Amino acid sequence: KNEVEQSPQNLTAQEGEFITINCSYSVGISALHWLQQHPGGGIVSLFMLSSGKKKHGRLIATINIQEKHSSLHITASHPRDSAVYICAVRLKGADGLTFGKGTHLIIQP
Amino acid sequence: GAVVSQHPSWVICKSGTSVKIECRSLDFQATTMFWYRQFPKQSLMLMATSNEGSKATYEQGVEKDKFLINHASLTLSTLTVTSAHPEDSSFYICSANKRDLGTDTQYFGPGTRLTVL
Chain A
1 KNEVEQSPQN LTAQEGEFIT INCSYSVGIS ALHWLQQHPG GGIVSLFMLS
51 SGKKKHGRLI ATINIQEKHS SLHITASHPR DSAVYICAVR LKGADGLTFG
101 KGTHLIIQP
Chain B
110 GAVVSQHPSW VICKSGTSVK IECRSLDFQA TTMFWYRQFP KQSLMLMATS
160 NEGSKATYEQ GVEKDKFLIN HASLTLSTLT VTSAHPEDSS FYICSANKRD
210 LGTDTQYFGP GTRLTVL
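First to last, the sequence lines map onto chains A and B. Under my numbering, read the first sequence as residues 1 to 109, first letter to last. Under my numbering, read the second sequence as residues 110 to 226, first letter to last.
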C-alpha cells in the first residue's frame, strides 16, 4: 500500500467549476506539500502545510493532522489550471519527500 | 520565490556513456539538495539526499556507484549517471532545501529528461 494516496487519479471538469483533490497518508509526517506539474515536467510548489489552511489566489489547501488527510481546492477553475497535482509528504525524521501518484486535472473551456 | 536551475534540460546519449546533470540554487544557499527520478506515468521517487561537503545518502535500491552525486558547494549538486543504459531513461528532478526562519522549504528544478539509446 502506498504511504500517500491521492484521489481522484483523473478529473475532467468545465471551466468555472470548484475542484477538490484529496490526499491521505498513513504515517507520521512533519509537512505536506502540494505540487503542480505541467506537461513539460517542471514542478511548481504550491503549498507547504503542517497544520490548518493556506490560501493563494484561487487555490486553497487544508490539512487535518488527526485524520491524516489534506485537500487542495481550486475555485473558479480555468483551462490554464490543467496539470498534474501531486501531494507529497515529508515523513518524520526524513528530509526527502514521498509522493502520491498525482491527479491529472483537465479543465475544459 | 527561490530559483533552482538544472542543466541540461534534456540529453540523449548512447548506451554505455556517462551523463552529468547539474542542479544549482540561484539565489540561496542549500546545504541539502535532493535528486528524484520519475518514470513515465509514475510518481516521483527520491533517489538520494545530497549534503554539501559530505557523502550523499542513497535510498534503498539506488546504486551509489551508478548514480554519483557530488555536492561541492552550497549552490551546486551534480548527478552523474555512469555507464547509462536504456532503463536509465527517465526524468530527473532536483530540489534544494532553503531554510528560512527555522522552516525548510523545497524548491524544485525544472527537470532533465534523459534518453539513453
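C-beta atoms are modelled at their ideal positions from N, C-alpha and C, and glycine is treated no differently. Since we're looking at a predicted model, the values are computed, not measured.
Along chain B, in chain order, which residues have C-beta atoms closer than 7 Å to that of A:Phe99?
Simply Ser152, Leu153.
Compute the Euclidean distance between the alpha carbons of A:Ala31 and A:Glu5, then round it to the nearest angstrom.
Distance between the alpha carbons of A:Ala31 and A:Glu5: 15 Å.
Would a C-beta distance cut-off of 8 Å place A:Ile86 and A:Gln37 closer than the cut-off?
The answer is yes: Cβ separation under 8 Å.
Can you tell me where the beta strand (DSSP E) with A:His104 in it begins and where it stops?
Segment 103-108, the beta strand (DSSP E) holding A:His104.
Cα separation between A:Asn10 and A:Arg58?
In a straight line, the C-alpha of A:Asn10 is about 20 Å away from that of A:Arg58.
Check B:Asp213 in the structure and name its three-state DSSP category.
Three-state result, B:Asp213: strand.
Starting from the beta carbon of A:Ser45, find every residue of chain B whose beta carbon is closer than 9 Å, and list them in chain order.
Correct list: Gly110, Ser204, Thr214, Gln215, Tyr216, Phe217.
Suppose only complete runs of 3+ residues qualify. What are the beta strand (DSSP E) ranges in the segment 17-53 of chain A, listed by chain order?
Counting only runs of 3 or more, we get 19-25, 29-37, 43-49.
Got a sec, what are the start and stop residues for the beta strand (DSSP E) B:Phe176 sits in?
Note, B:Phe176: beta strand (DSSP E), 176-182.
Report the residues of the segment 130-150 of chain B with a CB closer than 7 Å to any CB of chain A, ordered along the chain.
Hits within the stretch, in order: Thr141, Phe143.
Per DSSP, B:Asn160 is paired with what?
Answer is B:Thr141.
Is the number of C-beta pairs between the segment 189-206 of chain B and the segment 119-130 of chain B that are closer than 8 Å three or more?
Enough Cβ pairs lie closer than 8 Å, so yes.
Determine the contact status of B:Val112 and B:Asp136, defining contact as a CB-CB distance below 8 Å.
In this structure, B:Asp136 lies closer than 8 Å to B:Val112 by Cβ.
Is there at least one Cβ from chain A nearer than 8 Å to B:Phe200's Cβ?
So, interface residue.
What do you get for B:Ile178, buried or exposed, if any count of 16 or more other CB atoms within 10 angstroms of its CB means buried?
B:Ile178 should be labelled buried.
With a cut-off of 8 Å, does the C-beta of B:Thr126 fall near any C-beta of chain A?
False, the Cβ-Cβ gap to chain A never drops below 8 Å.
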